[in-house]
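Number of protein chains: 2
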Amino acid sequence: MVCNLTIGRPKYAAVEARLGQILARAEALRAELTRLATEDAQAVDQLMASYRLPKATAEEKAARQAAIEATTKQVVQAPLATARACVELIALAQETAQKGNPNAAGDAHAGMFCAEAGLKIALMNVLLDLKLANDRAFVAQVEAELAPIKVRRLSLFQEIDALINAR
Amino acid sequence: MVCNLTIGRPKYAAVEARLGQILARAEALRAELTRLATEDAQAVDQLMASYRLPKATAEEKAARQAAIEATTKQVVQAPLATARACVELIALAQETAQKGNPNAAGDAHAGMFCAEAGLKIALMNVLLDLKLANDRAFVAQVEAELAPIKVRRLSLFQEIDALINAR
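Protein sequences, first through last, are from chains A and B.
Following our numbering, the numbering of the first sequence begins with 296 at its first residue and continues without gaps.
Following our numbering, the numbering of the second sequence begins with 296 at its first residue and continues without gaps.
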């Protein structure tokens with residue numbers, strides 16, 4: 296919305312090309328996040344189904360355990376990709392607040408706060424899902440991917456706090 | 296959703312009555328927040344309209360200024376009520392996470408993070424709108440109402456941070 300309130304106005308000609316890129320990327324991320332929400336629901340359904348597999352015999356128990364391990368790894372993927380997409384959205388919203396029509400900067404910040412909530416929810420879900428995984432190497436790999444995202448979340452608090460206090 | 300995954304299950308009989316109250320109150324707050332979003336949009340339209348009033352003569356200037364002052368006070372009301380409703384929703388989500396079906400506690404926390412984003416956006420909008428107001432007594436009164444909400448926002452950061460780090 297802020298991009299659309301900026302693009303085409305002579306006053307903002309210098310930033311128009313960049314805001315056009317941001318708008319296109321933000322729309323692509325919106326589509327990706329919608330797709331990830333569906334993927335996430337499907338992966339959770341598959342995880343639940345693997346817990347419901349029969350466990351009467353040793354073979355069944357082994358097959359069930361293998362299915363749980365595989366679907367657990369799968370269930371981590373959508374929230375992890377969601378967290379990454381939210382980090383990118385937050386950066387785009389910040390840049391839009393700085394470069395776009397200042398009368399609408401509050402709306403860019405509102406978008407940033409929503410993306411921050413998405414980031415927290417995704418991060419929480421990755422951490423919850425990881426608790427179900429037994430494969431140490433897999434857990435370590437996901438935790439390594441999460442590390443910069445966690446750092447970003449903490450720095451965001453400072454930035455958002457400064458923003459609200461600056462009003 | 297967490298309330299609905301708890302209510303009616305024998306295991307959670309002890310908390311059923313309270314979760315029924317929370318569910319009813321959360322639904323009422325959802326309706327109130329939807330209404331406030333419409334009210335907010337209408338108040339912003341009225342504020343914009345008052346800025347567009349004619350200002351050719353002294354009388355017109357005075358009438359326009361009075362209209363701006365009145366609509367500015369009006370425009371603060373919806374985000375202020377939204378901030379209050381979000382603070383209440385956050386408390387309800389926290390209580391639901393503690394008392395409800397633990398398998399769905401993550402969803403209660405997700406609701407809490409969304410309400411937190413709503414609180415930040417509402418708070419930011421009140422502070423932005425207040426900058427337009429000239430009536431010192433009005434500004435002081437709104438700031439007094441905001442003080443406990445700001446304190447709550449800061450304590451929330453600690454709580455949410457602890458939550459995510461505890462995973």
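Ideal Cβ placement from N, Cα and C applies to all residues, glycine included.
Query                                                                                                                         : Result
Cβ shell of Met296 (chain A) (< 6 Å), same chain only, five flanking positions each side left out                             : Asp402
Opening and closing residue of the alpha helix (DSSP H) in which Pro374 (chain A) lies                                        : Ala353 to Lys394
Residue ranges of each alpha helix (DSSP H) within the stretch 297-363 of chain A, 4 or longer                                : 311-346
Reference Gly413 (chain B); option with closest CA among B:Asn429, B:Ala332 and B:Ala362                                      : B:Ala332
Inter-stretch contact (C-beta, 8 Å, three-pair minimum) for the stretch 415-429 of chain B and the stretch 419-434 of chain A : no
Selected residue, minimal CA-CA separation from Ala463 (chain A), among B:Lys356, B:Met419 and B:Ala319                       : In the structure as shown, chain A starts at 296 and stops at 462, and residue 463 (chain A) therefore has no counterpart that could be examined.
Spatial distance of Val446 (chain B) from Ile459 (chain A) (CA atoms)                                                         : 13 Å
Coil, strand or helix - Ala428 (chain A) by DSSP                                                                              : coil
Identity of the residue in B:His404, B:Phe452, B:Ala400 and B:Thr377 nearest Thr329 (chain B) by Cα                           : B:Thr377
Proximity of Ala405 (chain B) and Ile416 (chain A) at Cβ, strictly below 8 Å                                                  : yes
Between the CA atoms of Lys394 (chain A) and Leu451 (chain A) - distance to the nearest angstrom                              : 19 Å
Rounded straight-line distance, which links the Cα of Thr367 (chain A) to that of Thr352 (chain A)                            : 22 Å
Buried/exposed call for Arg325 (chain B), threshold 16 Cβ in 10 Å                                                             : exposed
Chain-ordered chain A contacts of Met296 (chain B) [CB-CB under 9 Å]                                                          : In chain order: nothing, as chain A lies at least about 13 Å away.
Residue of B:Glu334, B:Tyr346, B:Pro443 and B:Gln369 minimising C-alpha distance to Gln468 (chain B)                          : This structure does not reach residue 468 (chain B), given that chain B is present from 296 up to 462, and the question cannot be answered.
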